[in-house]
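Colleague: Just passing along the structure, written as structure tokens.
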Amino acid sequence: MTKQDSKALLSANSLTCIREERILFDELSFTINSGDIVQIEGPNGAGKTSLLRILAGLSRPYAGEVMYLDESITRCRDEYNEDLLYLGHLAGVKSELTAEENLYFNLRVSGYDQFDARDILSNVNLTGFEDALAGHLSAGQHRRTALARLWHTNSRIWILDEPFTAIDKRGVAELEQLFLQHADNGGCVIVTTHQDMGIISEERLRKIRLEYRFV
Amino acid sequence: MWKWLHPYAEPQRAYRLAGKFIPWLSILAILMLLTGTTWGMVFSPTDYQQGDSYRIIFVHVPAASMSMSAYIGMAIAAFIGLVWQIKLADWMAASIAPIGAVITFIALVTGSTWGKPMWGTWWVWDARLTSELVLLFLYLGVISLYASFEDKVLAARAAGILSIVGVINIPIIKYSVDWWNSLHQGSIKMTGKTAMPPDMLVPLVINILGFGVMIGALSLIRFRSEILARNGMRPWVRELALAEGAK
Amino acid sequence: MQAQFQSVSDFLNMGGYGFYVWLSYGVAYVSLAILIGFTLTRKGRVLKEIAAKAKREQRLAQHRSAKE
Amino acid sequence: MKRGISFTQAFFTLLMRDLKIAVRHRGDIFNPLLFFIIVVTLFPLGIGSEAKILSRIAPGVIWVAALLASMLSLERLFKADFNDGSLEQMLLSPQPLQLLVLAKVLAHWLLTGLPLIIIAPLLAVLLHMEESAYPALIETLLLGTPILSLLGAIGVALTVGLRKGGVLLSLLILPLYIPVLIFATGAIEFAASSQPYDGQLAIIAALLVGSLVLAPFAIGASLRVSTN
Chain A
1 MTKQDSKALL
11 SANSLTCIRE
21 ERILFDELSF
31 TINSGDIVQI
41 EGPNGAGKTS
51 LLRILAGLSR
61 PYAGEVMYLD
71 ESITRCRDEY
81 NEDLLYLGHL
91 AGVKSELTAE
101 ENLYFNLRVS
111 GYDQFDARDI
121 LSNVNLTGFE
131 DALAGHLSAG
141 QHRRTALARL
151 WHTNSRIWIL
161 DEPFTAIDKR
171 GVAELEQLFL
181 QHADNGGCVI
191 VTTHQDMGII
201 SEERLRKIRL
211 EYRFV
Chain B
1001 MWKWLHPYAE
1011 PQRAYRLAGK
1021 FIPWLSILAI
1031 LMLLTGTTWG
1041 MVFSPTDYQQ
1051 GDSYRIIFVH
1061 VPAASMSMSA
1071 YIGMAIAAFI
1081 GLVWQIKLAD
1091 WMAASIAPIG
1101 AVITFIALVT
1111 GSTWGKPMWG
1121 TWWVWDARLT
1131 SELVLLFLYL
1141 GVISLYASFE
1151 DKVLAARAAG
1161 ILSIVGVINI
1171 PIIKYSVDWW
1181 NSLHQGSIKM
1191 TGKTAMPPDM
1201 LVPLVINILG
1211 FGVMIGALSL
1221 IRFRSEILAR
1231 NGMRPWVREL
1241 ALAEGAK
Chain C
2001 MQAQFQSVSD
2011 FLNMGGYGFY
2021 VWLSYGVAYV
2031 SLAILIGFTL
2041 TRKGRVLKEI
2051 AAKAKREQRL
2061 AQHRSAKE
Chain D
3001 MKRGISFTQA
3011 FFTLLMRDLK
3021 IAVRHRGDIF
3031 NPLLFFIIVV
3041 TLFPLGIGSE
3051 AKILSRIAPG
3061 VIWVAALLAS
3071 MLSLERLFKA
3081 DFNDGSLEQM
3091 LLSPQPLQLL
3101 VLAKVLAHWL
3111 LTGLPLIIIA
3121 PLLAVLLHME
3131 ESAYPALIET
3141 LLLGTPILSL
3151 LGAIGVALTV
3161 GLRKGGVLLS
3171 LLILPLYIPV
3181 LIFATGAIEF
3191 AASSQPYDGQ
3201 LAIIAALLVG
3211 SLVLAPFAIG
3221 ASLRVSTN
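Next comes the structure, spelled out in structure tokens:
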């Protein structure tokens, strides 16, 4: 699949990240085009999560900047947020609310106003659990409640930190399928994961490797 | 790979520049404080109302007036650091905070030891003393917030927000305490403030300026240490540290 | 300009207010001295810490390259 | 897949979510209220039951207790959201952050400030407060407790990422509460001696407007630091 005409959705410009006087990465530059599926690799403590959070605009890099359509994300935060779907380690799911309510509120906060929450939840095999309090769901179901948002979004940039945690094989395959579909429709996916992906082929997957640094 | 070092040559330059100023400022501060204090303590005439107890003024008023100025200076530095993301300004703000807190503490203690012979009590809920106490709390809040964050880049931003919130609040707090004080007190007023003979005024002014210069010198010294602490991963700091360790 | 006090003991007495005057000057200058002390020694402490950290990292890197 | 949510809808979405959670988690409403009542009842026990003294200190006692109760309840304002990741999602929402923050603070005030105001007259009875001071008590609490929530939220936003934020929080925000405390108790004292207290009320109202406008920016900026 050639993507000559794709424009840079997201680019990192000489990102430097320093945490507690330790350099996690410096001068990191790359561009991500629509159609890309990018996996950030590296050992624990190499700064994978930090990089994702910087890309999402949650953390500020020590130096450098993240550009969305050639504009710094600090200057077009609202537009960028509308085109971004970030799911971190923490699912953003409230245990006092039911699966359906969680999805409802999460989508509403993201700006969507017309949707069928039950229908969306059926995509992640939560049919029958819509009214269960999220606190009573299993870890996998909890995670899937958060991931359900991926089935109802028009954001092009997906940044997912360990999305497959606690998800079974079938669920992983479905997610991979969704990533491919999303990329083919002009989106991009940036993930970290320790699991191997089975469906997305090696040539389709772009890898960015971070090393653990000492100085 | 070392390309990213280039924009950070700045801290090193600031470190050197601060180092050039420190000796001059220190000498100036010592000279001014010696002159002002000796003049005030030995040569200034005795106050006809307060006797010699008024001589506390030569340390109290400089500390009190500088405590507020130092806070405003810190807030300005914090603002520059927050808005334009200039890390040197963040470090400057962090350097001023402990100095300001000590100066405020001095203003409080000297105010209260002056109050005892004049008003007959160590502490009165006088508008000035109360505002000064609140100022001390604000300083302590900024310092402990800065200390609470492991990551000092974040710490500086958090403390910066707090000091700016504080600077908006200081006039409101001052006004409210003034109002409250006029409601509850009234009998106790500082006297003899109107016309000060030059023999009292000049050493006082010298001491006020001396305190200012001293705060400047101390801030720069702390600023230099702060630059080193925040740039521990840079080669030039490493060299300095290893050279120091070899001694 | 002339000295306001006849003798040293007169000066120390401060017209009867000696206790308060010297107490406030004492507290002020002692706390300033503590501040100055900490400020002057801070650079040394910071550098010592950085040197310790640098050495630790050197050992770690050596350990790593020895393993490889 | 239209995104047609207006600012008001976004505001009420978040407000409703927080209210819903609080209803299912009732302790969060009652604990600060109980704390408020207990602190106020301790004063007569500590000072003595003489009506004259009690009525003299009543405004101060009620207001200081309200201050402490507000601070106690504020600690949890962003904590749960921080721990489960909802806060990140809020920061990444395309809606203006200040608006969402305001919704959260309003929800918090409805849950903890309002019950306080309802119960305060009963406590004033226990403290033999002057009858003429009751309207002033209610009015100052109505205008003043939202300021406490707004200013307190700045401190909470700054400390939410810290493990031991509790004691620090009081050091950060209690100094900022002083003007509200002074003018509110001043108004009640004026009312108790049948003097006009419009001036103090106007000042509290001005403080409320000021903090409504400025505090959301400080809270938003602080949250961005804390979630970094």
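Same order as they appear, the protein sequences are chains A, B, C and D.
Under my numbering, the first residue of the first sequence carries the number 1, and numbering increases by one thereafter.
Under my numbering, the first residue of the second sequence carries the number 1001, and numbering increases by one thereafter.
Under my numbering, the first residue of the third sequence carries the number 2001, and numbering increases by one thereafter.
Under my numbering, the first residue of the fourth sequence carries the number 3001, and numbering increases by one thereafter.
For every residue, glycine included, the Cβ atom is placed at its ideal position computed from N, Cα and C.
Remember, it's a predicted structure, so these values are computed and weren't measured experimentally.
1. Is the CB-CB distance between B/L1228 and C/I2050 below 8 Å?
2. The alpha helix (DSSP H) spanning D/L3214 covers which residue range?
3. In or out: A/Q4 buried (at least 16 other Cβ within 10 Å) or exposed?
4. For chain A, check one thing: does any of its Cβ atoms lie closer than 8 Å to the Cβ of B/D1151?
5. For B/L1204, which of B/S1026, B/V1102, B/V1061 has the nearest alpha-carbon?
6. Does the beta carbon of B/S1187 sit closer than 8 Å to a beta carbon anywhere in chain D?
7. Have a look at A/R209 and A/A46 and give me their C-alpha separation to the nearest angstrom.
8. Kindly list, in the order they appear in chain C, the residues whose Cβ is closer than 7 Å to that of B/S1225.
9. Inspect the CB distances between the segment 155-162 of chain A and the segment 179-198 of chain A and report whether three or more fall short of 8 Å.
10. Which partner residues of A/R209 appear in the DSSP bridge assignment?
11. Measure the C-alpha to C-alpha separation of D/M3090 and D/A3080 and round it to an integer number of angstroms.
12. Quick one: Cα of B/G1245 to Cα of C/L2047, how far?
13. Cβ of C/G2037 less than 8 Å from any chain B Cβ?
14. Near A/L175, what residues of its chain come up, given a Cβ to Cβ distance below 8 Å and the 5 sequence neighbours on each side ignored?
15. Taking 8 Å as the threshold (beta carbon to beta carbon), is A/S110 in contact with chain D?
16. Using a Cβ-Cβ cutoff of less than 6 Å, which residues in the same chain neighbour D/L3111 once the five nearest sequence positions on both sides are dropped?
17. Would you say B/T1128 reaches chain C, if we count a Cβ-Cβ gap shorter than 8 Å as a contact?
18. Starting from A/R108 and walking both ways along the alpha helix (DSSP H), at which residues does that stretch end?
19. Name the two residues that bound the continuous beta strand (DSSP E) containing A/V191.
20. Determine the chain D residues that contact A/L69 at a beta-carbon separation under 7 Å, and present them in chain order.
21. Flag this pair as yes or no: are the beta carbons of D/I3219 and D/I3117 separated by less than 8 Å?
22. Return helix, strand or coil for D/T3013, following the three-state DSSP convention.
23. Would you kindly work out how many angstroms separate the C-alpha atoms of A/A183 and A/S34, rounded to a whole number?
24. With a threshold of 8 Å, are at least 3 pairs of Cβ atoms found where one atom belongs to the segment 1072-1085 of chain B and the other to the segment 1037-1053 of chain B?
25. Could you please give the first and the last residue of the uninterrupted beta strand (DSSP E) stretch that includes B/D1090?
26. Going by C-alpha distance, which of A/I37, A/C17, A/R19 is nearest A/N185?
27. So D/N3228 contacts chain A; which residues on that side make the cut at Cβ distance below 9 Å?
28. Return helix, strand or coil for B/L1138, following the three-state DSSP convention.
29. Spatial neighbours of D/M3129 within its chain, please: CB distance less than 6 Å, with the 5 preceding and 5 following residues excluded, ordered by chain position.
30. Once you ignore the five residues that flank A/R53 on each side, which residues in its own chain have a CB closer than 6 Å to its CB?
31. Which residue wins for smallest C-alpha separation from A/F115, given the options A/L133, A/A99, A/T153?
32. Determine, using beta carbons only, whether B/I1206 comes closer than 8 Å to chain D.
33. Smallest Cα separation from C/G2037: which of B/Y1071, B/L1108, B/F1211, B/L1218?
34. A/F105 CB to nearest chain D CB: under 8 Å?
35. Please give the ranges of any alpha helix (DSSP H) in the segment 1122-1172 of chain B, keeping only runs that are unbroken, at least 4 residues long and fully inside the region.
36. Alpha helix (DSSP H) containing D/S3055: first to last residue?
Modeller: This is what the structure holds:
1. In the second sequence, the residue the question calls residue 1228 of chain B occupies position 228. In the third sequence, the residue the question calls residue 2050 of chain C occupies position 50. Going by C-beta atoms, B/L1228 is nearer than 8 Å to C/I2050.
2. On the fourth sequence, position 214 is the one that residue 3214 of chain D refers to. Its alpha helix (DSSP H) spans residues 3198-3226.
3. Start at 1 with the first residue of the first sequence, and residue 4 of chain A comes out as number 4. Confidence in A/Q4 is poor, its pLDDT being 43 and thus under 50, which makes the residue's placement too unreliable to answer from.
4. Position 151 of the second sequence, counting from 1, holds the residue named residue 1151 of chain B. For B/D1151, the answer is yes, since a Cβ of chain A falls inside 8 Å of its Cβ.
5. For this step, residue 1204 of chain B is matched to residue 204 along the second sequence. Per the Cα distances, B/V1061.
6. Within the second sequence, the letter at position 187 stands for residue 1187 of chain B. Confidence is the limiting factor: at B/S1187 the pLDDT is only 41, short of 50, which leaves the residue's position unreliable, though a coordinate-based value still follows. Judged by the 8 Å Cβ criterion, B/S1187 is not in contact with chain D.
7. Looking up residue 209 of chain A in the first sequence gives position 209. Looking up residue 46 of chain A in the first sequence gives position 46. Straight-line Cα distance between these residues: approximately 9 Å.
8. Numbered from its first residue, the second sequence carries residue 1225 of chain B at position 225. Going along chain C in sequence order, the residues near B/S1225 (Cβ under 7 Å) are R2042, K2043, V2046.
9. yes
10. Your numbering for residue 209 of chain A matches position 209 in the first sequence. A/E41, per the DSSP bridge assignment.
11. Within the fourth sequence, residue 3090 of chain D is the residue found at index 90, counting from 1. Within the fourth sequence, residue 3080 of chain D is the residue found at index 80, counting from 1. Cα-Cα distance, rounded: 13 Å.
12. Against the second sequence, residue 1245 of chain B aligns to sequence position 245. Against the third sequence, residue 2047 of chain C aligns to sequence position 47. If you take the alpha carbons of B/G1245 and C/L2047, they lie about 8 Å apart.
13. The count along the third sequence starts at 1 and reaches residue 2037 of chain C at position 37. So, not an interface residue.
14. Numbered from 1 along the first sequence, position 175 holds the residue referred to as residue 175 of chain A. Here the set comprises L147, L150, P163, F164, I167.
15. In the first sequence, counting from the first residue as 1, residue 110 of chain A sits at position 110. A/S110 counts as touching chain D.
16. Within the fourth sequence, residue 3111 of chain D is the residue found at index 111, counting from 1. Excluding sequence neighbours, D/L3111 sits near A3022, I3029.
17. Counting from one through the second sequence, the residue named residue 1128 of chain B turns up at place 128. First, the amino acid is wrong: residue 1128 of chain B is Arg here, not Thr. In terms of beta-carbon proximity, B/R1128 stays away from the interface with chain C, with every pair separated by 8 Å or more.
18. The sequence position of residue 108 of chain A within the first sequence is 108, counting from 1. 99-109 is the span of the alpha helix (DSSP H), which, as asked, contains A/R108.
19. Within the first sequence, the letter at position 191 stands for residue 191 of chain A. Note, A/V191: beta strand (DSSP E), 188-192.
20. Translated into positions along the first sequence, residue 69 of chain A becomes position 69. Within chain D, no residue comes near A/L69; the closest Cβ sits about 15 Å away, beyond 7 Å.
21. As a position in the fourth sequence, residue 3219 of chain D is number 219, starting the count at 1. As a position in the fourth sequence, residue 3117 of chain D is number 117, starting the count at 1. Cβ atoms of D/I3219 and D/I3117: not closer than 8 Å.
22. Locating residue 3013 of chain D in the fourth sequence gives position 13, where the first residue counts as 1. Three-state result, D/T3013: helix.
23. On the first sequence, residue 183 of chain A is found 183 positions in, with the first residue counted as 1. On the first sequence, residue 34 of chain A is found 34 positions in, with the first residue counted as 1. Take the alpha-carbon of A/A183 and the one of A/S34: they are about 7 Å apart.
24. The segment 1072-1085 of chain B is not in contact with the segment 1037-1053 of chain B.
25. Position 90 of the second sequence, counted from the first residue, corresponds to residue 1090 of chain B. B/D1090 -> not in any beta strand (DSSP E); alpha helix (DSSP H) instead, spanning 1087-1119.
26. Sequence index remark: in the first sequence, residue 185 of chain A carries index 185 (1-based). Minimum Cα distance to A/N185 is reached at A/I37.
27. Here residue 3228 of chain D corresponds to residue number 228 of the fourth sequence, with the count starting at 1. Correct list: R53, L58, S59, R60.
28. Position 138 of the second sequence, counted from the start, is the residue given in the question as residue 1138 of chain B. Note: B/L1138 maps to helix in three-state DSSP.
29. Indexing the fourth sequence from 1 puts residue 3129 of chain D at position 129. Excluding positions up to five away in sequence, the list reads S3055, A3058.
30. As a first step, residue 53 of chain A must be located in the first sequence, where it is residue number 53. Apart from the 5 residues on each side of it in sequence, A/R53 sits with its Cβ closer than 6 Å to the Cβ of S59 in its chain, given in chain order.
31. As a position in the first sequence, residue 115 of chain A is number 115, starting the count at 1. The residue with the shortest Cα to Cα distance from A/F115 is A/T153.
32. If you number the second sequence from 1, residue 1206 of chain B lands on position 206. It does not; no Cβ of chain D falls within 8 Å.
33. Position 37 of the third sequence, counting from 1, holds the residue named residue 2037 of chain C. The shortest Cα separation from C/G2037 among B/Y1071, B/L1108, B/F1211, B/L1218 belongs to B/L1218.
34. Here residue 105 of chain A refers to the residue found at position 105 of the first sequence. So, interface residue.
35. 1127-1148
36. Within the fourth sequence, residue 3055 of chain D is the residue found at index 55, counting from 1. Unbroken alpha helix (DSSP H) run through D/S3055: 3051-3074.
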